[in-house]
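Chemist: Residues in the sequence shown are numbered consecutively from 6, following this note's numbering.
For reference, the structure I am asking about is given below.
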Amino acid sequence: MVDVLGGTELMRLPGPEGRLGHAEVRVGDSVVMLADAPSPRDVMPAMLHLYVEDADALYERAIGHGATSLREPTTEFYGDRMAGVRDVLGNKRYFATHVEDIAPEEMARRAAELAAAAP
């Protein structure tokens, strides 16, 4: 989170056997709390969705740090530019940048158009 998201580590507490007991990272004006699973057998990947200034740049930075692509950056009908990756620990990370304000009627029209075009 620090390298890819440009966050600032606020605190870190070690857990047993070298695992992370608790950490806090500031990303923008938000604080994200993290911890490793209590044991290696209890691993549970997580999903995180963040609004960021530049989803394309963050996607490229994540790929550069070993993440695999789940979804290349795409502008969606609801006005967000979205991208998704799976990090090296199996966690899914989705990034969005709001690029267009859309009236509710227009969003409904676009959603209906997209649904009609689906196979």
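Glycine residues also receive a C-beta, built at the ideal position from the N, C-alpha and C atoms.
These numbers come from a predicted model, not from an experiment.
Between D59 and G84, how many whole angstroms is the CB-CB distance? I'm expecting something under 8 Å.
Modeler: Contact doesn't hold; Cβ gap of about 16 Å is too wide.
Chemist: Buried or exposed, going by whether 16 or more other CB atoms sit within 10 Å of the CB of L10?
Modeler: L10 should be labelled buried.
Chemist: CB-CB under 8 Å to G71, same chain, minus the five flanking residues each way: which ones, in chain order?
Modeler: If we look at G71 and ignore the five residues flanking it on each side, its Cβ neighbours are D92, V93.
Chemist: From P57 to A101, what distance separates their C-alpha atoms?
Modeler: Looking at the sequence itself, residue 57 is Val, so the reference to Pro does not match. One C-alpha to the other measures close to 6 Å.
Chemist: Can you tell me where the beta strand (DSSP E) holding Y56 begins and where it ends?
Modeler: It spans 52-56 - the beta strand (DSSP E) in which Y56 sits, taken as one unbroken run.
Chemist: In the DSSP assignment, find the beta strand (DSSP E) that holds A28 and state where it starts and stops.
Modeler: 25-32
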